[in-house]
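Order-wise, the sequence lines are chains A and B.
Per full-length UniProt numbering, the very first residue in the first sequence carries number 1; after that it's consecutive.
Per full-length UniProt numbering, the very first residue in the second sequence carries number 1; after that it's consecutive.
Positions of the beta carbon are idealized from the N, C-alpha and C atoms, including for glycine.
Here the structure is a predicted model, which means the values were calculated and not measured.
There are 2 protein chains.
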Amino acid sequence: MKESTQNQTDNKAFTEECHTVLTAVSDALYVIGGKWKLMIIIAMARGNKRFTEIQKQVTGISARVLSSELKDLELNGFIIKKVENGYPVTIEYELLPYSQTLEELVGAMTRWGIQHREKVKAEMGSEKSNKQ
Amino acid sequence: MKESTQNQTDNKAFTEECHTVLTAVSDALYVIGGKWKLMIIIAMARGNKRFTEIQKQVTGISARVLSSELKDLELNGFIIKKVENGYPVTIEYELLPYSQTLEELVGAMTRWGIQHREKVKAEMGSEKSNKQ
DNA sequence: CGGCATCCAAATAGATACTG
DNA sequence: CAGTATCTATTTGGATGCCG
């Protein structure tokens, strides 16, 4: 994993690999980017299926935005909207198997978020009592 | 990984774990969310250090936005701006070690982006020649 | 409850020109 | 080259009210 000798050869491969990675990350961000999509999927993976349940878990999201995000998620094959006819009609959203492909990504992001919060906390303490 | 018996006990733990995960992901998105930050870090990790180099790699970013994003990244400890006095002054941005904590996340996102693109491509093919 | 329509405010981003 | 300033256009989002 360490190299420093022949850089000319590396540079070209690096540029190509860079483009590949940038394209892939760009693709991913296009589909699951934004503040809410991953958070909605996380909330749903913990058993929240109803519109208002999800809205309660995902702090700060408005009904309009949640509605729009759910549509996007359905279009992209992560969830499905189920309408049960009865008195009254109940509507539930369910995760589809494809949403499980995000597990690794969500796990990585969760771990990073936790360690980042701790890093920030540690910096706060070590900045010579620089309170605001 | 399969459970269905005692759901009451699970639900409470689930709700707490849900909140933990949502908070962590929210923290992460706050710092590295948006279209550009990860892409800039990826480009820099492949050796791009100059402003225009980065702008060339990260397709579509404007100078104004790149400038603003670089400032954010510096504030959050991912990069450092180095000014070398000479004729003319050269300015380089370098990754700091903290940016390496993102490797797992970037890797997960890259893999997901690649597989997602392939899934979409496969769907295109299987949708009875439904060209647009 | 689960939304959608409307209106309006704020944030974001593109284009262009300009500077040291 | 490495930005900044300005202006404008577009996107996004909150608030509210309404509907089945």
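Burial of B/Gly113 is indicated by the presence of at least 16 other C-beta atoms within 10 angstroms of its C-beta. Judged by DSSP in its simplified three-state form, B/Tyr93 adopts strand. Below the 9 Å Cβ cutoff, chain A contributes no neighbours of B/Ala122, its closest Cβ being approximately 12 Å away. For the C-beta of A/Ile42, the chain B residues within less than 9 Å are, from N- to C-terminus, Cys18, Val21, Leu22 and Val25. A distance below 7 Å between beta-carbons, with the five flanking residues on each side excluded, links A/Ile61 to the following residues of its chain, in chain order: Trp36 and Gln55. Using a Cβ distance threshold of 8 Å, A/Ala108 and B/Ala24 do not count as a contacting pair. A/Val58 sits in coil when the DSSP states are folded into three classes, being neither helix nor strand. Ranked by Cα distance from B/Leu38, the options B/Asn48, B/Leu105, B/Ile80 and B/Leu22 are led by B/Leu105. Nearest CB-CB separation between A/Gly86 and chain B: not below the 8 Å threshold.
Residue environment: A/Met124 is assigned as exposed (fewer than 16 neighbouring CB atoms within 10 Å of its CB, all protein chains considered). The count of Cβ pairs closer than 8 Å, one atom from the stretch 67 to 81 of chain A and one from the stretch 68 to 88 of chain B, stays below three, leaving the stretches out of contact. For A/Ile79, DSSP records a beta bridge to A/Leu95. With respect to chain A, the C-beta atom of B/Glu92 has no partner C-beta closer than 8 Å. Residue environment for B/Ser26: buried (at least 16 other C-beta atoms within 10 angstroms of its C-beta).
Non-local beta-carbon contacts of A/Leu96 in its own chain, meaning distances under 8 Å to residues more than five positions away in sequence, involve Gly77, Phe78, Ile79 and Ile80 in chain order. Residue pairing by DSSP places A/Glu84 opposite A/Thr90 in a beta bridge.
Taking a C-beta cut-off of 8 Å against chain B, the contacting residues of the stretch 52 to 75 of chain A are Gln57, Val58 and Thr59, listed in chain order.
For B/Gln100, no CB of chain A lies under 8 Å from its own CB, so it is not counted at the interface with that chain. Neighbourhood of A/Lys49 in chain B, by CB distance below 8 Å: empty, with the nearest CB roughly 13 Å away. Using beta-carbon distances, B/Phe78 does not count as an interface residue toward chain A, since no partner is under 8 Å.
When DSSP states are grouped into helix, strand and coil, B/Gly33 belongs to the coil group. Between B/Gln115 and the set A/Thr110, A/Met44, A/Ser99 and A/Tyr93, the nearest pair of CA atoms involves A/Ser99. For A/Lys121, the enclosing alpha helix (DSSP H) covers residues Glu103 to Ser126. Chain A places no beta carbon closer than 8 Å to that of B/Gly125, leaving this residue out of the contacts. Contact of A/Lys81 with chain B by beta-carbon distance below 9 Å is absent, the smallest such distance being about 19 Å.
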